[in-house]
Amino acid sequence: MVRSAAGGVDLDVGATAAGRGAYVHPVEGCIEAATRKGVLAKALRTRIDQDELGRLRIMMSQGVL
0 MVRSAAGGVD LDVGATAAGR GAYVHPVEGC IEAATRKGVL AKALRTRIDQ
50 DELGRLRIMM SQGVL
């Protein structure tokens, strides 16, 4: 995942996007643990709200990863 200069968080499948990145195993349980413990937000140095997290989950379920 990557946080862009504008502050949004997106999936970065190719690991080539510019911005602050964090590696997350593309499994629902891993993302849940990372967000519940605050590890993902800390790594990306941003707050991830529930709407944004929901959008990322939808992208994952659609096979973006």
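Quick note: the sequence shown uses numbering that gives the first Met the number 0, first residue 0, plus one each step. Backbone N, C-alpha and C define an ideal beta-carbon position, used for all residues, glycine too.
From the DSSP secondary-structure annotation, give me the bridge partner or partners of residue i.
i          : result
valine 8   : Arg2
glycine 20 : Val1
Is it buried or exposed, residue i, if we count other Cβ atoms within 10 angstroms and call 16 or more buried?
i          : result
valine 8   : buried
alanine 14 : exposed
alanine 33 : buried
Since residue i and residue j are thought to touch, with beta carbons under 8 Å apart, how far apart are those beta carbons, to the nearest angstrom?
i           : j           : result
arginine 46 : arginine 19 : Not confirmed; about 13 Å, so no contact.
Ordered along the chain, which non-local residues of its own chain (more than five positions away) have a Cβ less than 7 Å from that of residue i?
i             : result
alanine 42    : Ala21
isoleucine 30 : Val23
Leaving out the 5 sequence neighbours to the left and right, which residues in its chain are closer than 8 Å to residue i when beta-carbon positions are compared?
i            : result
alanine 16   : Val1, Ser3 and Asp9
glutamate 27 : Arg56 and Met59
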